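Quick note on numbering: the sequence shown equals residues 303 to 792 in this note's numbering.
Notes follow once the structure below has been shown.
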Amino acid sequence: MNQSQDRGFHLSISVVAIFVTMVSVLSIINQCGPAMSKVEEQVDGVWRSLASHATHLSGIARSVVHDGSRVPATLAAAMPHKVVSASGNKALANIHVVAVGSDTTAKQVQHVEQLIQRVGVLSIVSHTVGMSLQKPVTIEIADDESDYQAALQKLAMTKQSAANLAEDTGGFTQNSTIVIPMNQNQSEGDLANTLTHEMTHVVFNQNIGTLPSWLNEGIAVFDGMQGQKQVESAVTFAGDERQLAETILDVAQKHQLQPLFADEQVILDGKTSYDYELQDWLAVSDLVSQHGLTAIQDDLQMMQQHVNESTAFIRAFGQPESTFNASLTALLNKASTTKNQGVQLQCNVTQDFTGELEILPQGTTNWQGLDVSDGQYSIDVQADGKLSGQFKTLPVVKDNNGADARTLYISLLPKQPETYQGKKVINSGFAFDVHDGLYAFENAWVSLKDGQTIYTSTPSLFGVSITGVREAATGNALLPLFAAQEKVSN
Ligand SMILES: [Zn+2]
303 MNQSQDRGFH
313 LSISVVAIFV
323 TMVSVLSIIN
333 QCGPAMSKVE
343 EQVDGVWRSL
353 ASHATHLSGI
363 ARSVVHDGSR
373 VPATLAAAMP
383 HKVVSASGNK
393 ALANIHVVAV
403 GSDTTAKQVQ
413 HVEQLIQRVG
423 VLSIVSHTVG
433 MSLQKPVTIE
443 IADDESDYQA
453 ALQKLAMTKQ
463 SAANLAEDTG
473 GFTQNSTIVI
483 PMNQNQSEGD
493 LANTLTHEMT
503 HVVFNQNIGT
513 LPSWLNEGIA
523 VFDGMQGQKQ
533 VESAVTFAGD
543 ERQLAETILD
553 VAQKHQLQPL
563 FADEQVILDG
573 KTSYDYELQD
583 WLAVSDLVSQ
593 HGLTAIQDDL
603 QMMQQHVNES
613 TAFIRAFGQP
623 ESTFNASLTA
633 LLNKASTTKN
643 QGVQLQCNVT
653 QDFTGELEIL
663 PQGTTNWQGL
673 DVSDGQYSID
683 VQADGKLSGQ
693 FKTLPVVKDN
703 NGADARTLYI
713 SLLPKQPETY
723 QGKKVINSGF
733 AFDVHDGLYA
743 FENAWVSLKD
753 GQTIYTSTPS
763 LFGVSITGVR
773 EAATGNALLP
783 LFAAQEKVSN
C-alpha cells in the first residue's frame, strides 16, 4: 500500500486548484522520476484547462450588452455569419443553433440542441425570472478560440476586444445572439451552465431595458448552476458549488469584498481583482433564500415597467440595495471564519467491491481503515478527525506526508487488484476540499501502474460511490444559500 506518491502529486494539483474555481472531468499524465518536467508541463496545461473551465463564471463580462444601442444594427446585419449547418430542430421553437467558423461540425450543433432540450434551458430561465423569449434567439457554436474570436468580431467588436474576450470568456451574449466556444465548454456540466447562463441574458435583453449588472449576472449564474445541476450528480454539483463559493470566502477573509454595485465599467475593463459574478450569485441566492423567487420576479417586473431600479428593489425586498449589500457582506465575512465542524459522508458499496476504505481526515496523518462489504454506510468524520458509524474499524496506518489541512481523502483498498481502462490500478480514491466548515467533493483519482493518474468528477469507483456529503446544519452561513439553489426546481 503506498498512497504517499499519489497523494503528494494530488497535493501539488490541489495547490494549483486553489486558484481556480471549478474541477471538471480531467485527466493528467503523472510521469515520475526523470520525466518530472513533463509533469510540470501537464499541470500547467491543466491549470489552463481548469482556468478555462472556470471562465464561464469569470469576472470579465461575458454578456456585456444589455441594450442593442452599442452595436449599430446595420453593421451587424451587413456581416452575416457563415452558417455551416443548422438542423432546424422544430422542438427548439425559437432557439436556432448554428455552426460558425471553419471547424465546427453538424454533430456539435446537434449535441448542443439535444443538451438544451435535456437540461430544459428555457424552462429553467422562465421559472426563475417569470419571463420568456419574445423573439428568436440564435446560438452560434464555435469550435475553437479562433472561430470564437472571429464570431465575436463579426458582432462588430474590435479585433483586440474580440481577442481578449475569446481568451477569457466561456460564452458571450449580445442582444439575441449567443456565441458558445466549445473548447471552453468541454464537459456537459460546463456547457449546460453556459447555455443557461447566456439564455438568461437573452431573456433579460428581450424583456427589460436595463437592470443592475450585479442582478443580471447574479441571476444568470444562479440559472447556469441550475442548468449544471441537471447533468451532474448531486455530490459533484454540491462540491462544485462549494468550491466556487469558497473563492469568495477567500476574498472576504482578506477584507477585499467590493460592494455589489461597484462600477460596471471596472468589470468590463477586466480590472477586477476577483470574480464579481460569484459574489453576485451568492447575493441572488441569499435573496431567493430570504424572499423567494416571487420577490425576484416582482423586482424584475417593476423594472420591466420602467420603475426606477432602487425603488423597485425597495418594494420587492423591503430594504434599499445598500442595506442588503451590508448584510450580505456581513454574512460572507461570518461564513469565511467558520470552523470545520465535521461531516457525514454517505457511502454505497456494491458487491463489485470487497476490501477496505481508508480515510485520512484533513489535518491528520492517520489513515483510518473501515472494513466494508455490500451495503450503505454513514460515516461521521468529526472536526478533530475521529470517525464514528456502524462499521468495523481497522488498525490505523501512518501517512508519511505532512498533514493536509484542506483535504480529506478516502482511499480504496480492494482485496482483489482492480483494472481501469484495461490497466492495473495501483491506488484510487476520492478527495474532498475542506474549507471554512464546507466539505466539497473535489474529484476521484485512479493511479495506474504505468504512472498515469486519472481524475474524474464522478464520485464513483469500482463499486464504491459517495452518495452524500452533509455538513452540520449549524455550520457555514452559506448553507441556506445552497439550500435555496437546491430547492428551486423547474
Ligand atoms: Zn453573464
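Built from N, CA and C at the ideal position, the CB exists for glycine as well.
Note that this is a predicted model, so its numbers are computed, not measured.
Legend entry - Thr440 classed as buried or exposed, judged by whether at least 16 other C-beta atoms fall within 10 angstroms: buried
Legend entry - CA-to-CA distance, Pro761 to Ile510, given in whole angstroms: 41 Å
Inset, instruction - Tell me whether Ala522 counts as near ligand 1, meaning its Cβ is closer than 7 Å to at least one heavy atom of that ligand. - result: yes
Inset, instruction - Please state whether DSSP places Ala363 in a helix, a strand or coil. - result: With a pLDDT of 31 at Ala363, under the threshold of 50, the modelled position of this residue cannot be trusted, and the question is left open.
Legend entry - Cutoff 7 Å; reference Gln670; Cβ partners in own chain excluding five residues on either side: Glu660, Ile661, Leu689, Thr695, Val698
Inset, instruction - Could you tell me which of Ala547, Asp686, Glu720 sits nearest to Ala779, measuring between CA atoms? - result: Of the listed residues, the one whose Cα sits closest to Ala779 is Ala547.
Legend entry - Whole-angstrom distance between Gly403 and Lys725, CA atom to CA atom: 39 Å
Inset, instruction - Look up Gly594 in the DSSP assignment and say whether it is helix, strand or coil. - result: helix
Legend entry - Of the listed residues Gln754, Gln412, Gly739, Val481, nearest to Val504 (C-alpha basis): Nearest of Gln754, Gln412, Gly739, Val481 to Val504, Cα basis: Val481.
Inset, instruction - Determine the contact status of Leu281 and Phe506, defining contact as a CB-CB distance below 8 Å. - result: This structure cannot settle anything about residue 281, because the visible part of the chain is limited to 303 through 792.
Legend entry - Beta-carbon separation (whole angstroms), Glu500 vs Gly473, contact threshold 8 Å: A Cβ-Cβ distance of about 5 Å is found for the pair Glu500 and Gly473, placing them in contact under the 8 Å criterion.
Inset, instruction - Report the three-state DSSP secondary structure of Leu457 (helix, strand or coil). - result: coil
Legend entry - Beta-bridge pairing of Pro716 - partner residues as DSSP gives them: Gly657
Inset, instruction - Within its chain, find whatever has a CB closer than 6 Å to the CB of Gly657; leave out the 5 residues flanking it on each side and keep chain order. - result: Leu715, Pro716, Lys717
Inset, instruction - Pull up the distance between the alpha-carbon of Ser675 and that of Gln653, whole angstroms please. - result: 7 Å
Inset, instruction - Tell me whether His593 counts as near ligand 1, meaning its Cβ is closer than 7 Å to at least one heavy atom of that ligand. - result: no
Inset, instruction - Could you say which of Asp492, Ile443, Ala464 lies nearest to Ser759 if we only look at CA atoms? - result: Asp492
Inset, instruction - Grab the span of the alpha helix (DSSP H) containing Val505 for me, first residue to last. - result: 490-509
Legend entry - Ser762 - partner residues in DSSP beta bridges: Ser767
Legend entry - Run of the beta strand (DSSP E) containing Phe732, from where it starts to where it stops: 725-737
Legend entry - Cβ-based burial, Asp682 [other Cβ within 10 Å; buried from 16]: exposed
Inset, instruction - Go to Pro483, then tell me how far its beta strand (DSSP E) extends in each direction, as first and last residue. - result: 479-483
Inset, instruction - Just confirm the distance between the C-beta atoms of Met433 and Gln787, as a whole number of angstroms; I'd bet it's less than 8 Å. - result: Going by Cβ atoms, the distance from Met433 to Gln787 rounds to 20 Å, so no, they are not a contact pair.
Inset, instruction - Check whether the Cβ atoms of Met605 and Ala614 sit closer than 8 Å, and answer yes or no. - result: yes
Inset, instruction - Kindly list the residues whose CB is nearer than 7 Å to the CB of Val423, restricted to its own chain and excluding five residues on each side of it in sequence; keep chain order. - result: Leu497, Thr498, Met501, Gly529
Inset, instruction - Could you tell me whether any non-hydrogen atom of ligand 1 is closer than 7 Å to the CB of Glu534? - result: no
Legend entry - Chain-order list of residues whose beta-carbon lies under 7 Å from that of Leu454 (same chain, five-residue window excluded): Ala464, Leu467, Ala468, Phe474, Val481
Inset, instruction - Could you tell me whether the stretch 548-559 touches the stretch 737-745, where touching means 3 or more Cβ pairs closer than 8 Å? - result: yes
Inset, instruction - May I ask you to report which of helix, strand or coil DSSP gives His398? - result: If DSSP states are grouped into helix, strand and coil, His398 belongs with the strands.
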